[in-house]
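Below is one structure, written out as structure tokens, with a few remarks after it.
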Amino acid sequence: MRATLIGRFLLLALVGLIVLLPLWYWAREWFAAPPLWLAGTVMKLLFAWVEGFEIDGVTGTLLTRVQVLMPGPGGRQMLAELTPEVSYPTYGYGQVLLWAMLLASRPRWWPLKMAWGSVLLLPAQAWGLCFQWLRDVALTPGGNAMAYLGYPAWANEVIAYGYQFGFLMLTPVAPILLWLWFDKRFVAALWLEAALDEEAPARPEHAPRVR
């Protein structure tokens, strides 16, 4: 059976993922610093209740002034400041997906596109990190944080939607969209192959005998 263009691409992309994923995971702390810094900086600029942030390896901790009631010693309630944490790998794996697809299709200037694509993915990664922080603040058990901030009830829905969009859509889809933009010639070739396959007449299983 003739290997189709899409079949070869999927096979090479899968092999690329298998090879690159362990390397990315080994160097994950280096890749984690830029998106964590960007997400922490955005949160600090947008929200007055954010004091700052800390980065420890692949984990980012948001330092806030939000005080909530938490269970303390002896079952008593005590005030504590929220310090939600996020993990970079949850939103950073799209970088490896982009690399694998670029290596599979090998567009012109593909090494440069791998580097440039990694930079363009930073906002998508920061989106997921920011909304996970917001989710952890807004959905604190008992709703104490939202009462402290004075946000309306519909803000919970906006935060939940932003978190789901970042986790379920933006993280896996953004690298695919970048690849489609970086390798338009390969995508056009895929469409052409699909069109030719549809127009090709079906071959009979047994050719008629001529006597």
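Residues 380 to 590 (this note's numbering) are what the sequence shown spells out, left to right. Built from N, CA and C at the ideal position, the CB exists for glycine as well.
Leaving aside the five residues that flank ALA418 on each side, the residues in its chain whose CB is nearer than 6 Å to its CB run, in chain order, ALA505, LEU508, CYS509. For ALA459, the three-state secondary structure derived from DSSP is strand. The C-beta of ALA392 has 16 or more other C-beta atoms within 10 Å across all chains shown, which makes the residue buried. Partner residues in a beta bridge of GLY507, as assigned by DSSP, do not exist. Annotation for THR383: no alpha helix (DSSP H) segment contains it, and DSSP assigns it neither H nor E. Counting C-beta atoms within 10 angstroms of its own C-beta, ARG514 has 16 or more neighbours from the protein chains shown and is therefore classed as buried. Taking TYR527 as the centre and dropping the five residues before and after it, the same chain places the C-beta of VAL445, GLN446, VAL447 closer than 8 Å to its C-beta, in chain order. In the displayed model, LEU415 falls within a helix according to three-state DSSP. Annotation: the continuous beta strand (DSSP E) that includes GLY431 extends over 429-435.
For GLY439, the three-state secondary structure derived from DSSP is strand.
Relative to the Cα of VAL394, the nearest Cα in the group GLU460, ALA479, TRP409 belongs to ALA479. Shown here, VAL447 sits in a strand according to DSSP, grouped into three states. Distance between MET422 and PRO551, taken at the CA atoms: about 23 Å.
In this structure VAL437 is buried. Its beta-carbon is surrounded by 16 or more other beta-carbon atoms within 10 angstroms. Among the bridge pairs identified by DSSP, SER466 is matched with THR438. In this model, LEU501 and GLY529 are separated by some 31 Å (Cα to Cα). Within the region 527-557, no complete beta strand (DSSP E) segment of 3 residues or longer occurs. Between GLU433 and THR440, the gap from beta carbon to beta carbon is short of 7 Å.
Here TRP512 is not near PRO554, since their CB atoms are 7 Å or more apart. In terms of Cβ geometry, PRO490 and ASP562 do not form a close pair [threshold 7 Å]. Bounds of any alpha helix (DSSP H) do not take in LEU518, whose DSSP letter is neither H nor E.
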